[in-house]
Amino acid sequence: MGEDAVKSEKHGAAAGDGGKPDNPDWTIDQGWDGYTAAEHHVWKTLFERQGKLLPGRACDEFIKGLGSLTLDADRIPDFRRLSDVLAKRTGWQVVAVPGLVPDEVFFDHLANRRFPAGQFIRRPDQLDYLEEPDVFHDVFGHVPMLMHPVFADYMQAYGVGGLRAGKLGVLANLARVYWYTVEFGLIEQDGIEQADGLRIYGSGIASSHAETLFALDDTSPNRVRFDVERVMRTRYRIDDFQETYFVIQGFDELLDLAWIDFGPIYDRVKGQREIEPGVVLATDRAITRGTGAYHHGGKRAG
Ligand SMILES: [Fe+2]
């Protein structure tokens with residue numbers, strides 16, 4: 009045991025040179041037959057737990073997408089079958105990768121309507137938290153929304169935009185848009201602008217039992233109306249619950265984002281200071297202003 013053993017637990021791009029597969033697009037065979045009974049059991053535990061928790065908490069589009077995929081609670085999905093269902097609906101497919109992939113590889117897949125999903129599943133002692141995206145996060149969290157035509161277009165546009173943002177040197181700004189929409193987005197259900205009308209569509213929330221409860225029910229985080237320029241300036245936490253969630257009013261708002269030219273927004277954002285994750289600005293439309301108790305013990309600065 010030692011450093012090597014710890015390193016070997018990382019996957020894909022997070023594992024250093026050893027994590028890179030032969031294919032330049034980083035895809036691998038899912039090796040579905042190789043999953044053990046214990047690994048299928050981890051899937052089942054997570055699937056059943058979230059399946060019970062999400063109705064009434066995830067948005068209708070997520071629940072509908074999840075239902076249409078007809079995933080089997082008892083076993084990790086076979087990506088070939090999953091892709092058949094998905095391709096018929098929105099033209100997307102799911103491809104297996106070892107874990108995180110380099111940005112340009114990720115964007116290229118999205119731009120071509122391929123969602124790269126981690127092949128591995130977390131260990132039984134990691135049910136509640138895992139920093140790397142595994143098959144449960146990637147499939148259960150992301151694929152239901154890819155069944156929705158508008159969201160499917162938004163994801164492709166993000167891939168195209170990512171390739172461009174890389175060349176412009178503004179990837180950090182675009183990544184925040186992805187983070188606060190695709191991963192941690194909330195939506196107003198039926199235009200109800202109050203905390204109990206909010207629903208989840210972000211995969212990082214939908215695939216996490218604890219964050220599902222935190223994002224919707226806890227008094228600690230802020231819930232602020234989404235604004236693309238504001239979000240591009242906002243830092244985020246990768247290792248804990250979010251301090252602020254951004255709320256869209258409908259998926260058409262994302263579709264609009266897919267069509268506008270981000271160039272002028274990048275230019276405006278460049279000269280402005282970054283915003284810390286827990287800060288609410290005077291110009292924000294806050295739906296709920298959090299106590300900050302979880303991250304700051306109730307004390308708020310600024
Ligand atoms: Fe994700």
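FYI, in this note's numbering the residues of the sequence shown are 9 to 310.
Don't be surprised by glycine CBs; every beta carbon is placed ideally from N, CA and C.
From the options, pick the residue whose C-alpha is nearest to that of residue i; which is it?
i, options, result
"F249", "R241, L289, W187 and R233", "W187"
"I36", "F87, T44, K18 and R65", "F87"
"A301", "F222, R241 and G39", "F222"
"P32", "C67, V109 and I295", "V109"
"D198", "R297, F259 and A290", "F259"
"P106", "G24, F148, F159 and L135", "G24"
"R241", "M163, G279 and D269", "G279"
"L135", "T296, T53 and D82", "T53"
"H117", "Q257, D30, A165 and D225", "A165"
"V232", "A45, P124, A290 and R276", "A290"
"F254", "D292, P272, R276 and F270", "D292"
"K96", "P132, G39 and A160", "A160"
"T44", "D82, R276, F270 and P272", "D82"
"I268", "Y162, A125 and T98", "Y162"
"E251", "G305, R276 and V277", "G305"
"A294", "D80, H303, P229 and V277", "P229"
Take residue i and list the residues in its own chain whose beta-carbon comes closer than 8 Å to its own, dropping the five residues that flank it on each side.
i, result
"R243", "R184, E282, I283, E284 and P285"
"R122", "W100, Q101, V102 and V103"
"T78", "V93"
"V158", "F259, D260, L262 and L263"
"K18", "G24, G27, G107 and E140"
"A22", "G107, L108 and E140"
"G73", "V151, P152, M153, L154, M155 and H156"
"I246", "E139"
"D68", "Q197 and R207"
"P63", "I71"
"T98", "R121, L154, M155, H156, P157 and A160"
"R276", "E237"
Give me the Cβ distance between residue i and residue j, rounded to the nearest whole Å; I'm assuming they're in contact under 8 Å.
i, j, result
"G6", "E196", "Outside the displayed span of the chain (9 to 310) sits residue 6, for which this structure offers no information."
"L265", "V239", "At roughly 10 Å, the Cβ-Cβ gap does not stay under 8 Å, so L265 and V239 are not in contact."
"F115", "L171", "5 Å"
"V168", "A119", "5 Å"
"L224", "R65", "6 Å"
"Q127", "G271", "Not really, about 36 Å apart at Cβ, beyond 8 Å."
"D146", "A125", "4 Å"
Excluding the 5 residues preceding and the 5 following residue i in the sequence, name in chain order all residues of the same chain whose CB lies nearer than 7 Å to its CB.
i, result
"L61", "H217 and T220"
"I129", "E47, V50, W51, I84, D142, V143 and F144"
"R57", "H217"
"G310", "Unreliable placement is indicated for G310, whose pLDDT of 42 sits below 50; no coordinate value is reported for it."
"G26", "none"
"L176", "Y274"
"E191", "G210, S211 and G212"
For residue i, collect the residues of the same chain with a Cβ closer than 6 Å to its Cβ; drop the 5 residues on either side in sequence, then sort them by chain order.
i, result
"K28", "none"
"M173", "Note on identity: in this sequence residue 173 is Ala, with Met being the wrong assignment. Answer for A173: L179 and L182, listed in chain order."
"T227", "T299"
"G149", "S211, A214 and S215"
"K15", "Residue confidence for K15 is low, a pLDDT of 42 falling below 50, so the modelled location carries little weight; the figure read from the coordinates is stated next. Cβ within range, chain order: n/a, list empty."
"W34", "V105, V109 and V113"
"E11", "At E11 the pLDDT is 38, less than 50, meaning the model places this residue with poor confidence; the figure from the coordinates comes in the next sentence. None."
"S91", "Q101 and V102"
"S76", "M155"
"F55", "A81"
Would you mind reading off the limits of the alpha helix (DSSP H) that contains residue i?
i, result
"R231", "First-last for R231: N230 to R233, but that is the beta strand (DSSP E), not the alpha helix (DSSP H)."
"T53", "A45 to L61"
"A173", "P157 to L176"
"T220", "H217 to D225"
"E17", "Run containing E17: none; DSSP gives neither H nor E here."
"Y302", "A301 to H304"
"A23", "Neither: A23 is in no alpha helix (DSSP H) and is coded neither H nor E."
"P152", "V151 to L154"
"G212", "S211 to A214"
"V147", "Here V147 belongs to no alpha helix (DSSP H), and DSSP marks it neither H nor E."
"T98", "F87 to T98"
"D111", "D111 to A119"
"N238", "A small correction: the amino acid at residue 238 is Arg; Asn does not occupy that position in the sequence shown. Counting along the chain, the alpha helix (DSSP H) containing R238 begins and ends at V236 to M240."
Can a CB atom of chain B be found closer than 8 Å to the CB of residue i?
i, result
"V102", "Looking for chain B here will not work: only one protein chain is present."
Would you give the residue range spanned by the beta strand (DSSP E) that residue i belongs to?
i, result
"P124", "R122 to G126"
"L135", "Looking at the DSSP string, L135 is not in any beta strand (DSSP E), and its letter there is neither H nor E."
"A104", "Q101 to V105"
"F66", "Per the sequence shown, residue 66 should be read as Ala rather than Phe. Segment: none, A66 is in no beta strand (DSSP E) and carries neither H nor E."
"T296", "A294 to T296"
Using 7 Å as the cut-off, classify the Cβ of residue i as near or not near the heavy atoms of ligand 2, replying yes or no.
i, result
"G42", "Ligands present in the displayed structure are limited to ligand 1, and ligand 2 is not among them."
Can you check the stretch 249-287 for any alpha helix (DSSP H) of at least 4 residues that lies completely inside it and give the ranges in chain order?
-> 259-267 and 271-278
Identify every run of the alpha helix (DSSP H) within the stretch 185-209, keeping only runs that are complete inside it and at least 4 residues long; order them along the chain.
-> none
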